[in-house]
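**Student:** Right, I'll just put the structure down here and ask away after.
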């Protein structure tokens with residue numbers, strides 16, 4: 009694969025991560041708690057991105073290994089830890105929501121507890137976890153975009169940008185919704201949205 013192809017591959021994963029960040033920011037903000045179904049969907053998406061990165065690494069490690077391939081493997085490997093950290097945060101958020109939903113349902117179905125709800129919703133913990141995941145994923149996106157920009161030949165960087173915008177996301181059939189740049193977008197964070 010050429011340098012431009014390697015850059016496009018990195019841009020594509022960065023775009024997938026950025027779409028996940030937008031989905032996380034669309035979840036309800038405190039004092040509302042996201043549903044377990046909503047959080048599970050985001051966990052599934054992040055797991056898919058992590059699997060994609062792992063598969064890209066394995067594919068590039070087979071057969072002939074030009075320098076460009078090894079550099080791409082290094083960049084992908086660099087973001088595995090942040091993806092894992094983000095998964096930990098989403099897992100914590102999901103565990104809190106699951107505990108809240110299960111206990112609320114048990115209390116409401118028990119005649120002794122009829123009309124009594126848990127006193128404390130897990131708003132602060134869930135919001136904190138989602139904000140942390142957003143920040144971690146934002147840093148990973150910036151790293152990938154910067155690496156892709158550096159890897160692409162100067163005359164091909166504009167082409168890489170346009171191609172990354174117009175290429176569909178594997179498995180979704182949808183074009184990239186956000187411009188690919190070397191810096192993260194300035195969409196409001198969940199914390200700012202909840203104010």
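Residue numbers (the numbering used here): 9 to 203.
For each residue, glycine too, the CB sits at the ideal point set by N, CA and C.
1) Could you please give the first and the last residue of the uninterrupted alpha helix (DSSP H) stretch that includes residue 67?
2) If I measure Cβ to Cβ from residue 27 and keep anything under 6 Å in the same chain, skipping five residues before and after, which residues do I get?
3) In three-state DSSP terms, what is residue 7?
4) Go ahead and pull the three-state DSSP assignment for residue 134.
5) Should the region 36-52 be called in touch with the region 74-83, which here means at least 3 C-beta pairs below 8 Å?
6) Do you know offhand how far residue 171's Cα is from residue 108's?
7) Have a look at residue 102 and residue 13 and give me their C-alpha separation to the nearest angstrom.
8) How close, in whole Å, do the beta carbons of residue 89 and residue 141 come, if the pair is a contact with beta carbons under 8 Å?
9) Could you say which of 111, 70, 138, 22 lies nearest to residue 100 if we only look at CA atoms?
10) Would you kindly check if the distance between the Cβ of residue 38 and the Cβ of residue 135 is under 8 Å?
11) Three-state secondary structure (DSSP) at residue 157?
12) In terms of alpha-carbon separation, which member of 84, 10, 29 lies closest to residue 61?
13) In the DSSP assignment, the alpha helix (DSSP H) including residue 32 goes from what residue to what residue?
14) Pull up the distance between the alpha-carbon of residue 154 and that of residue 65, whole angstroms please.
15) Near residue 151, what residues of its chain come up, given a Cβ to Cβ distance below 7 Å and the 5 sequence neighbours on each side ignored?
16) Cα-Cα, which of 18, 58, 32, 133 is closest to residue 50?
17) For residue 41, name the three-state secondary structure that DSSP assigns.
18) Are residue 57 and residue 91 close, meaning C-beta to C-beta below 8 Å?
**Tutor:** Reading from the atomic positions:
1) 44-69
2) Cβ within range, chain order: n/a, list empty.
3) Examination of residue 7 is not possible in this model, given that the chain is present from 9 through 203 alone.
4) helix
5) They do not touch, by the three-pair rule.
6) Residue placement at residue 171 is poorly supported in this model, since its pLDDT is 49, which falls under 50; the coordinates still yield a value, given next. Their backbone Cα atoms lie some 44 Å apart in a straight line.
7) 37 Å
8) At roughly 14 Å, the Cβ-Cβ gap does not stay under 8 Å, so residue 89 and residue 141 are not in contact.
9) With distances taken between Cα atoms, residue 100 lies closest to 138.
10) For residue 135 and residue 38, yes; Cβs fall inside 8 Å.
11) helix
12) 84
13) 11-33
14) Distance between residue 154 and residue 65, taken at the CA atoms: about 19 Å.
15) 86, 87
16) 32
17) coil
18) Result yes, Cβ atoms of residue 57 and residue 91 sit closer than 8 Å.
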